[in-house]
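A.B. asks:
In this note's numbering, the protein residues as written are 7 to 174.
1. Which whole-angstrom value is the C-beta distance of residue 59 and residue 35, which I expect to be below 8 Å?
2. Which runs of the beta strand (DSSP E) fall wholly inside the segment 131 to 159 and span at least 3 residues, in chain order?
3. Determine the burial state of residue 41: buried for a count of at least 16 other Cβ atoms within 10 Å of its Cβ, exposed for fewer.
4. Given 8 Å as the limit, is there contact between the segment 117 to 132 and the segment 143 to 158, that is, 3 or more CB pairs closer than that?
5. How about residue 20 and residue 51: do their beta carbons lie closer than 7 Å?
6. I think residue 94 touches residue 37, with their Cβ atoms under 8 Å apart; what is that distance to the nearest whole Å?
7. On the criterion of 16 or more Cβ atoms from any shown chain inside 10 Å, does residue 72 qualify as buried, or is it exposed?
8. Excluding the five sequence neighbours on either side, which residues of its own chain have a C-beta within less than 8 Å of the C-beta of residue 112, listed in chain order?
9. Spatial neighbours of residue 110 within its chain, please: CB distance less than 6 Å, with the 5 preceding and 5 following residues excluded, ordered by chain position.
10. How would you call residue 39, buried or exposed, if buried means at least 16 neighbouring beta carbons within 10 angstroms?
11. Mapping the DSSP letters down to three states, classify residue 7 as helix, strand or coil.
12. Do residue 134 and residue 107 have their C-beta atoms closer together than 7 Å?
13. Sorted by chain position, which residues of the same chain lie with C-beta nearer than 6 Å to residue 189's C-beta, five sequence neighbours on each side aside?
14. Assign residue 16 to buried or exposed, taking buried as 16 or more other Cβ atoms, counted over all protein chains shown, within 10 Å of its Cβ.
15. State the start and end residues of the unbroken alpha helix (DSSP H) segment that holds residue 48.
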């Protein structure tokens, strides 16, 4: 493994993202929707840095395909427990790769009529995008590396690493 982003770099960026979101939603309550499992550490740290009222919920999605490619068919394996109508919703994602899952999730959540819907992603790999999708808030844009740590895994390992590493 090779260190890509140190714990200090990640925490500084999370603090900046929380500050920007808190500023953009000043005087409003938001609902953070974490995409399990990878975003749970990022979401916890982000929420603790917020200066506005925050509620939280989680979704879990599966994209079925053969091999390492997504089929483009996305299915909820855990849905939200919180109604979205009239809420300011911010989807919290660890990494945007092809964009297929987040585009599908965003469309499904918009159908539930939130007041607003934004996406924050810690990492973005624009070189891997297969659909037109852009997050509203992005921590780091990275090259096409397989990364682990800070919630990101390989076969459920490495999520607990404090930094983000390129897995070779």
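We put the CB at the ideal spot given by N, CA and C, even for glycine.
C.D. replies: So, from the data block:
1. 4 Å
2. 143 to 147
3. buried
4. yes
5. yes
6. 7 Å
7. For residue 72, the pLDDT reaches just 45, beneath the cut-off of 50, and the residue's location in the model is therefore unreliable, although a value from the coordinates is still provided. Exposed, by the Cβ-count rule.
8. 97, 123, 125, 139
9. 80
10. buried
11. coil
12. no
13. The question about residue 189 has no answer, for the chain in this structure spans 7 to 174.
14. buried
15. 46 to 55
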